[in-house]
Amino acid sequence: MTKKTAGNSLQAMLDRASSAEEGPVAAATPSGMAGARPRGRDRAATETAGGKQIKPSRVGTKMIGGHFPPEISMQLRMIAAEEDTTVQALLAEAIADLLTKKAGRKIAR
Numbered sequence: 001m002t003k004k005t006a007g008n009s010l011q012a013m014l015d016r017a018s019s020a021e022e023g024p025v026a027a028a029t030p031s032g033m034a035g036a037r038p039r040g041r042d043r044a045a046t047e048t049a050g051g052k053q054i055k056p057s058r059v060g061t062k063m064i065g066g067h068f069p070p071e072i073s074m075q076l077r078m079i080a081a082e083e084d085t086t087v088q089a090l091l092a093e094a095i096a097d098l099l100t101k102k103a104g105r106k107i108a109r
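Following this line, the structure appears as structure tokens:
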């Protein structure tokens with residue numbers, strides 16, 4: 001049985017979640033996939049009390065982001081490849097240098 005909800009996408013998600021709890025799980029998963037081990041990004045994820053999955057390496061951290069021209073992204077990826085590191089490590093180094101320069105603070109890397 002499918003309910004039609006007008007407007008609110010959050011309500012639609014809640015309705016789908018409640019109907020998934022009532023209905024059989026096999027209908028929602030491809031055949032042969034029930035009970036399969038997670039792959040890729042989900043493999044190392046841990047679940048919090050709210051049901052949200054977080055990688056162990058991201059526990060206790062906060063996302064910082066920005067929008068930049070594609071050329072900046074390309075240059076960062078090239079430097080990361082040349083130095084056999086990650087873009088995140090390069091950004092952490094740049095932020096640490098900025099904080100040292102502007103605020104006189106040393107941060108752990």
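Taking the UniProt record's numbering, the leading residue of the sequence shown gets 1, the next gets one more, and so forth.
Ideal placement from N, C-alpha and C gives every residue a C-beta, glycine not left out.
Open item on the list: For L76 and L99, what's the separation of their Cα atoms in angstroms?
Closed with: 20 Å
Task: Segments assigned beta strand (DSSP E), at least 3 residues, entirely inside the UniProt domain "Antitoxin-like ribbon-helix-helix" (58–105) - done: none
Task: Within 7 Å, strictly: CB atoms of V87 and A80 - done: In this structure, A80 lies closer than 7 Å to V87 by Cβ.
TODO: Alpha carbon to alpha carbon, how far is A89 from residue 114? Give it in angstroms, no decimals.
DONE: Since the first residue of the chain shown is 1 and the last is 109, residue 114 is not available in this structure.
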